[in-house]
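> Here it is, the structure, as structure tokens.
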Amino acid sequence: MTEFIRKAEKVWEEFKDYVPTYDEVCEILEKEVVNIEDAAKLLNVEDKNSILLMASKAKKLTRENFGKVILLYAPLYISNYCQNGCVYCGFSCRKNYKREKLEFNEIENELRAMKEEGIDSVIILTGEDRIHSPVDYIEQACKIAANYMSEVSIEVYPLLEEEYRSLASAGVVGITIYQETYQKEDYKKLHPFGPKKDFEFRFKAVERALSAGFHEACVGPLLGLSHPKKDVLCTLLHAEYLLDRFPKAEISVSFPRVRSAGTDFVPKFSVSDKEFIKFLIVARLYLPRVGIVISTREDARLRDALIDVCITKMSAGSKTTVGGYVAQEEEKDAQFEVEDRRSVAEVVDSIIKKGLRPEFTNWVRGVGSL
Amino acid sequence: MFEIGGKTLKSRLFVGTGKLPDYSLIEKMYYEAGVEVFAVAVRRIGPNTKHTKNVLEYIPKDAIIMVNTSGAQDHKEAVKIAMIGRELTNSNWVKVEIEKDTKYLFPDSIETLKACEILVKEGFKVFPYIYPDLNLAKELEQIGVEAVMPLGSPIGTNKGIGCEVLLKPIINEIKIPVIIDAGIGRPSHAAKAMEMGADAVLINTAITTSSDPVKMALAFSKAVEAGRLAFEVGLLKEYEYAQASSPLEDFITG
Ligand code: SF4
């Protein structure tokens, strides 16, 4: 199951210093299928013209497979209680943040506020705390959300298969779960205590969810925690593994970059815009039919440029504080800072200006949770 | 003019809507390119939001909506999606599309057959999306589907008529209409499908993701018409040797 991590490391070792020339890049792009060795080489491309060339093929593949459509969603943080000690996180239990958890009527108010902004697809998020936000609390929240939104997904702590099954019957369609890093040694150091210490349990969560009947899954690393290119290769192989194992599921990848969120954590690696862009392009070239998601962690200019090339789904008007949609307050106790603070209307506008169609519904209610 | 699904249509060009950059192009395709049938994925018929209107609001009232079960993974899901689709659109034209993998989007023949059996009984006009598989097409014809929709090439590939040798027998043997669906990337591919004797084509990616979908729809519409006319007239066969020339006939009386 973690075979592919070994494979990614092997491929990375083999090609880590291999920088393909412009002609070699052309040759790879001419091929019907870009293999993982090619992907590893393309990750090292530095030459601007080569990257632009890669971008134009990526754009073609995106349009062929996904059309001129960008899906929009927004996150809803329902609780920030967390027992984990992820050293890079603002919600980490060592921090003296105000712990908050929404009551069901507050969740409803949040959803109403989101709906008024035009949102129709929501991801429900919590920290990891089985006492303060137990599964039946999450399940009830999802049921409420399903009354307001066409599509409900979750980004919560890893659950058991039967727990995922009950969420699926509550109307949940998709799961997002970041492995943070696929490199076990670093993972251990970054997650010193709390249930999240268990790499395997987290890692297998997506498979449990898909076995339980979820239709969509989004995986990825938190770039910067460990060697970025290695984590990108691992993500590509992870997504491919999921596609092979669950051919019916819609798989997407996302590559959030670690940002400061009220911690003094200094990431081991920083990922420049150029690197980040290249990673997304390589993801598209290697996995033409896989969704690529980008959150409001990235700023408006970069997001606007990327929707033209490879992005299929993005968040808009996000509030990353508990109760943020009703309160409309500044993001002081947020899990991470929002870079793109544009309203949903502004994001919609910029999508239309690009000649694309904003779409809020991937699975209309009743169809996604069949 | 041709008869299909209980309707008389002028245009043999059907268009998918899911990948369009702007739904208001649907009306333009209807008026400017004469497209009468629009395929709509049920899963995407969302509610109106503050910023977007539901696709159905853009479809002219005399156009025909063909609901599409894409996203269905087995016959049960396809049947449910078709029911939801009929409810939402008031149209009983359903394109049965069941795919078990999201990598290639190949149709699942067994599940498709099962779904069609149920949907025909439920009173739908059923249009199954299939592999170019003659046996399957015959079974579906027996069941009472309105047409079969074999793929020209895999979805989204724009490779054209990649399965000619498999499509021909279907066109020759099947009495109900044959609509070539998926894989057609250029007007010339569509013309070729029509020259081969297909009754109609369904185009999605090639029109909707072009830089001018309405103009491209027009181009396809002309190609479809040209191909159909040629088929009706009967194309001259290309022989490797010239046909026996007649002046000699008088002398060679066996
Ligand atoms: S990253 Fe998630 S699990 Fe880790 S401390 Fe923050 S909220 Fe908890």
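The listed protein sequences derive, respectively, from chains A and B. For the first sequence, my numbering gives the first residue as 57, with consecutive numbering after it. For the second sequence, my numbering gives the first residue as -2, with consecutive numbering after it. Note that beta-carbon positions come from the ideal geometry of N, C-alpha and C, so glycine has one too.
#1: Kindly give me the distance between the Cβ atoms of Lys16/B and Val125/A, rounded to whole angstroms, as I take these residues to be in contact under 8 angstroms.
#2: Kindly examine the ligand SF4 and report whether one of its heavy atoms sits closer than 7 angstroms to the Cβ of Glu184/A.
#3: Among residues of its own chain, excluding the 5 on either side of Trp68/A, which ones have a beta-carbon nearer than 7 angstroms to its beta-carbon?
#4: Between which two residues does the beta strand (DSSP E) harbouring Arg413/A extend?
#5: Measuring only from the beta carbon, is Cys138/A closer than 7 angstroms to any heavy atom that is part of the ligand ATP?
#6: Against chain A, which members of the segment 47 to 71 of chain B pass a CB distance test of less than 7 angstroms?
#7: Use the C-beta contact count for Asn140/A: other C-beta atoms within 10 angstroms, 16 or more gives buried, fewer gives exposed.
#8: So is Gln139/B buried or exposed if we call it buried at 16+ other beta carbons inside 10 Å?
#9: Compile a chain-ordered list of the residues in the segment 335 to 365 of chain A whose CB is closer than 7 angstroms to at least one CB of chain B.
#10: What are the residues of the segment 85 to 118 of chain B that lie near chain A, defined by any Cβ-Cβ distance shorter than 7 angstroms?
#11: Mind checking Arg258/A: buried by the 16 CB within 10 Å criterion, or exposed?
#12: Give the residues of chain A in contact with Asp209/B, contact being defined as C-beta atoms less than 7 angstroms apart.
#13: Got a sec: is the Cβ-Cβ distance from Lys16/B to anything in chain A below 8 angstroms?
#14: Tell me, please, whether the CB atom of Thr417/A is closer than 8 angstroms to any CB atom in chain B?
#15: Can you tell me where the beta strand (DSSP E) holding Gly276/A begins and where it ends?
#16: Round the Cβ separation of Ile231/A and Ala265/A to the nearest angstrom and send it over; I've been treating them as touching at under 8 angstroms.
#17: What residue from Ala190/B, Pro184/B, Arg183/B, His186/B has the CA that sits closest to Val175/B's CA?
#18: May I ask you to report which of helix, strand or coil DSSP gives Trp419/A?
#19: Closer than 8 angstroms, CB to CB, is Gly224/B near chain A or not?
#20: Any chance you could list the alpha helix (DSSP H) runs of at least 4 consecutive residues sitting entirely within the segment 75 to 156 of chain A, in chain order?
#21: Comparing the CB of Lys122/B with every heavy atom of the ligand SF4, is any distance shorter than 7 angstroms?
#22: So, under 8 angstroms CB-CB, Pro129/B and Pro151/B are touching, yes? Tell me the CB distance rounded to an integer number of Å.
#23: Which residues in chain A have a C-beta closer than 7 angstroms to the C-beta of Ile42/B? List them in chain order.
#24: Between Ile286/B and Ile181/B, how many whole angstroms is the CB-CB distance? I'm expecting something under 8 angstroms.
#25: Of the residues Cys113/B, His48/B, Ala79/B, Tyr55/B, which one's Cα is nearest the Cα of Lys25/B?
#26: Provide the residue span of the beta strand (DSSP E) that contains Leu85/B, from first to last.
#27: Got a sec: is the Cβ-Cβ distance from Ala401/A to anything in chain B below 8 angstroms?
#28: On the criterion of 16 or more Cβ atoms from any shown chain inside 10 Å, does Glu256/A qualify as buried, or is it exposed?
#29: My understanding is that Val64/B touches Arg83/B, with C-beta atoms under 8 angstroms, so please give their C-beta distance in whole angstroms.
#30: Do you know offhand how far Thr109/B's Cα is from Val211/B's?
#31: For Val37/B, which of helix, strand or coil comes out of DSSP?
#32: Run the CB neighbour count on Thr182/A, radius 10 Å, all protein chains shown included, and call it buried at 16 or more, exposed below.
#33: Using a Cβ-Cβ cut-off of 6 angstroms (strictly less than) and excluding sequence neighbours within five positions of Ala197/A, which residues of its own chain qualify?
#34: Pick out whichever of Leu85/A, Thr77/A, Pro248/A has its Cα sitting closest to the Cα of Lys104/A.
#35: Please look up how many angstroms separate the CB atoms of Leu167/A and Ala201/A, rounded, as I've assumed it's under 8 angstroms.
#36: Against chain A, with Cβ distances strictly below 8 angstroms, would Ile81/B count as a contact?
Quick answer:
#1: Taking the first residue of the second sequence as 1, we reach residue 16/B at position 19. Taking the first residue of the first sequence as 1, we reach residue 125/A at position 69. Confirmed, Cβ separation roughly 6 angstroms.
#2: The sequence position of residue 184/A within the first sequence is 128, counting from 1. Yes, the beta carbon of Glu184/A sits closer than 7 angstroms to at least one heavy atom of the ligand SF4.
#3: Residue mapping note: residue 68/A aligns to position 12 of the first sequence, counting from 1. The residues are Ala96, Lys285, Lys286, Leu289.
#4: The residue labelled residue 413/A in the question sits at position 357 within the first sequence. Residues 413 to 415.
#5: As for the ligand ATP, it is missing from this structure, which binds only the ligand SF4.
#6: Lys47, His48, Thr49, Gly68, Gln70
#7: Numbered from its first residue, the first sequence carries residue 140/A at position 84. Its Cβ being crowded by 16 or more others within 10 Å, Asn140/A is buried.
#8: The sequence position of residue 139/B within the second sequence is 142, counting from 1. Looking at its Cβ environment, which holds fewer than 16 other Cβ atoms inside 10 Å, Gln139/B is exposed.
#9: Arg345
#10: Lys97, Asp98, Thr99, Lys100
#11: Numbered from its first residue, the first sequence carries residue 258/A at position 202. Buried: at least 16 other Cβ atoms inside 10 Å.
#12: In the second sequence, counting from the first residue as 1, residue 209/B sits at position 212. Correct list: empty, because the minimum Cβ distance to chain A is about 11 angstroms.
#13: Mapped onto the second sequence, residue 16/B falls at position 19. Yes - at least one Cβ of chain A is within 8 angstroms of the one on Lys16/B.
#14: Along the first sequence, read from residue 1 onward, the residue named residue 417/A stands at position 361. So, interface residue.
#15: As a first step, residue 276/A must be located in the first sequence, where it is residue number 220. Segment 272 to 277, the beta strand (DSSP E) holding Gly276/A.
#16: Taking the first residue of the first sequence as 1, we reach residue 231/A at position 175. Taking the first residue of the first sequence as 1, we reach residue 265/A at position 209. Contact flag correct, Cβ pair sits at about 4 angstroms.
#17: The sequence position of residue 175/B within the second sequence is 178, counting from 1. Measuring from the Cα of Val175/B, the nearest candidate turns out to be Ala190/B.
#18: Position 363 of the first sequence, counting from 1, holds the residue named residue 419/A. Trp419/A: coil per DSSP, three-state reduction.
#19: For the purposes of this step, residue 224/B is taken as residue 227 along the second sequence, with counting starting at 1. False, the Cβ-Cβ gap to chain A never drops below 8 angstroms.
#20: 78 to 86, 92 to 98, 104 to 122
#21: Indexing the second sequence from 1 puts residue 122/B at position 125. Lys122/B Cβ: outside cutoff for every heavy atom of the ligand SF4.
#22: The sequence position of residue 129/B within the second sequence is 132, counting from 1. The sequence position of residue 151/B within the second sequence is 154, counting from 1. The Cβ separation is near 12 angstroms, so there is no contact.
#23: Counting from one through the second sequence, the residue named residue 42/B turns up at place 45. Residues of chain A passing the Cβ test: Val420.
#24: Nothing about residue 286/B can be reported from this structure: the residues present for chain B run from -2 to 251 only.
#25: Taking the first residue of the second sequence as position 1, residue 25/B is located at position 28. The option with the nearest alpha carbon to Lys25/B is Tyr55/B.
#26: Against the second sequence, residue 85/B aligns to sequence position 88. No beta strand (DSSP E) contains Leu85/B, which is instead part of the alpha helix (DSSP H) from 72 to 86.
#27: The sequence position of residue 401/A within the first sequence is 345, counting from 1. For Ala401/A, the answer is yes, since a Cβ of chain B falls inside 8 angstroms of its Cβ.
#28: In the first sequence, the residue the question calls residue 256/A occupies position 200. Exposed is the call here.
#29: Walking along the second sequence from the start, residue 64/B turns up at place 67. Walking along the second sequence from the start, residue 83/B turns up at place 86. Rounded, the Cβ-Cβ distance is 7 angstroms, consistent with contact.
#30: Translated into positions along the second sequence, residue 109/B becomes position 112. Translated into positions along the second sequence, residue 211/B becomes position 214. Approximately 32 angstroms, taken between the alpha carbons.
#31: Here residue 37/B refers to the residue found at position 40 of the second sequence. In the structure shown, Val37/B sits in a strand (DSSP, three-state: E or B).
#32: Here residue 182/A corresponds to residue number 126 of the first sequence, with the count starting at 1. Buried, since its Cβ has 16 or more Cβ neighbours within 10 Å.
#33: Start at 1 with the first residue of the first sequence, and residue 197/A comes out as number 141. For Ala197/A, where only same-chain residues beyond five positions count, the Cβ hits under 6 angstroms are Ile134, Ile163, Ile180.
#34: By 1-based counting over the first sequence, the position of residue 104/A is 48. When only C-alpha atoms are compared, the closest one is Thr77/A.
#35: In the first sequence, the residue the question calls residue 167/A occupies position 111. In the first sequence, the residue the question calls residue 201/A occupies position 145. That belief holds up - the Cβ atoms of Leu167/A and Ala201/A are roughly 6 angstroms apart, short of 8 angstroms.
#36: For the purposes of this step, residue 81/B is taken as the residue at position 84 of the second sequence. Closer than 8 angstroms to some Cβ of chain A, the Cβ of Ile81/B qualifies, so yes.
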